[in-house]
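To get the working numbering, take the position in the sequence shown, counting from 1, and add 2.
The C-beta atom is built at its ideal place from N, Cα and C for all residues, glycine as well.
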Amino acid sequence: SMLCYNGMAKARAELPQIRAVRKQIDDRRAKAADLAAVLDALDAKLAALEGPTIGGRRGGAPQPRGASFGRTANDFGRLLLVLQGADAPPTTQAAAAVADEGKELDALVDRWKVIRGKEMSDLNARLKRAGVATIDLPRE
């Protein structure tokens with residue numbers, strides 16, 4: 003169950019950083035209209051990485067499908083409840099589900115590193131050339 007707790011915490015820790023970058027992208031749209039397509043494409047990638055908020059939404063817009071930090075945090079939380087609610091050692095299925103979530107989280111962290119690295123660097127160079135403030139990257 004400690005793996006679930008740590009995985010949930012790690013996934014949740016990335017969310018404020020992604021939201022901070024998305025907020026800055028939203029701010030730059032009005033100031034760099036000619037880069038709107040680039041900003042929109044990066045924002046879509048970040049929205050997919052962010053995923054649903056903890057607990058998901060009831061009603062409203064449909065949530066993005068696929069791996070995301072929000073969905074992974076939720077899944078780790080559900081697994082934690084299952085593991086803590088059992089009076090027995092974890093089943094092979096539960097152990098496999100925890101391992102799968104761990105792999106998914108690692109893949110998400112890798113995708114976020116690529117975006118924070120090359121993609122943000124390329125975008126900031128274009129923003130600078132356009133005379134627009136660059137996007138500050140959150141510290142790890």
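- Secondary structure of Asp-89 (DSSP, three-state): coil.
- For Val-23, the enclosing alpha helix (DSSP H) starts and ends at 4-33.
- DSSP places Ile-137 outside both helix and strand once states are collapsed to three, so it counts as coil.
- Asn-76 and Asp-29 have their C-alpha atoms some 29 angstroms from each other.
- Excluding residues up to 5 positions away in sequence, Met-10 lie with their Cβ nearer than 6 angstroms to the Cβ of Gly-79 in the same chain.
- For the pair Lys-33 and Ala-135, the CB atoms are nearer than the 9 angstroms cut-off.
- Linking Leu-81 to Ala-90 through their CA atoms gives a straight-line distance of about 14 angstroms.
- DSSP places Glu-103 in the uninterrupted alpha helix (DSSP H) bounded by 94-116.
- Apart from the 5 residues on each side of it in sequence, Leu-85 sits with its Cβ closer than 7 angstroms to the Cβ of Ser-3, Cys-6, Pro-92 and Ala-96 in its chain, given in chain order.
- The Cβ atoms of Val-23 and Pro-140 sit closer than 9 angstroms to each other.
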